[in-house]
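To keep things clear, I will list the structure first and then write my remarks on it.
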Amino acid sequence: MELYQTQRAMRAMRTAALQRGVVAVLDVGSSKIGCLILKFEGLEEKIEADGVGSLAGQSGFKVIGSALTRSRGMEYGEIVSMPETERAI
564 MELYQTQRAM
574 RAMRTAALQR
584 GVVAVLDVGS
594 SKIGCLILKF
604 EGLEEKIEAD
614 GVGSLAGQSG
624 FKVIGSALTR
634 SRGMEYGEIV
644 SMPETERAI
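Its first residue numbered 564, the sequence shown is counted upward by one per residue in the working numbering.
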């Protein structure tokens with residue numbers, strides 16, 4: 564898949580997630596894995612009030628879940644064992 568098509572698909576997935584009102588943020592590092600679950604409330608009203616741009620209205624959210632765990636299968640920022648990394652996530 565070309566870079567443009569990949570970016571377009573990711574943008575569509577982000578838009579769909581925002582319309583549902585819930586987004587997960589996953590940070591996979593060499594020492595730990597962190598996850599935040601964000602809930603956007605009243606997004607439509609805020610977009611109209613905030614104004615312009617693709618990020619308009621995305622400043623109003625609540626963290627509804629969070630977790631940290633030790634990384635496995637990662638060394639120096641690279642995956643060395645996919646099964647271990649998947650298990651850690």
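Ideal Cβ positions, reconstructed from N, Cα and C, are used throughout, including at glycine.
What residues in its chain sit with their C-beta under 8 Å from that of residue i, if we drop five residues either side in the sequence?
i, result
"L601", "V585, V586, A587, V588, F624, K625, V626, I627"
"I642", "G636, T648"
"S634", "V591, G592, S593, S594, K595, I596, T648, A651"
"E638", "S593"
Would the beta-carbon of residue i fall within 7 Å of that of residue j?
i, j, result
"L631", "G597", "yes"
"L599", "S644", "no"
Just reading off the beta strand (DSSP E) that residue i is part of, what are its end residues?
i, result
"R650", "Segment 645-651 is the alpha helix (DSSP H) holding R650; no beta strand (DSSP E) there."
"G628", "624-633"
For residue i, list the residues DSSP reports as bridge partners.
i, result
"E638", "E641"
"L581", "Looking at the DSSP assignment, L581 forms no beta bridge with any residue, so it has no partner."
If you measure from the CB of residue i, is any heavy atom of the ligand GTP nearer than 6 Å?
i, result
"V643", "Of the ligands one can find in the structure shown there are none, so the ligand GTP has no counterpart to examine."
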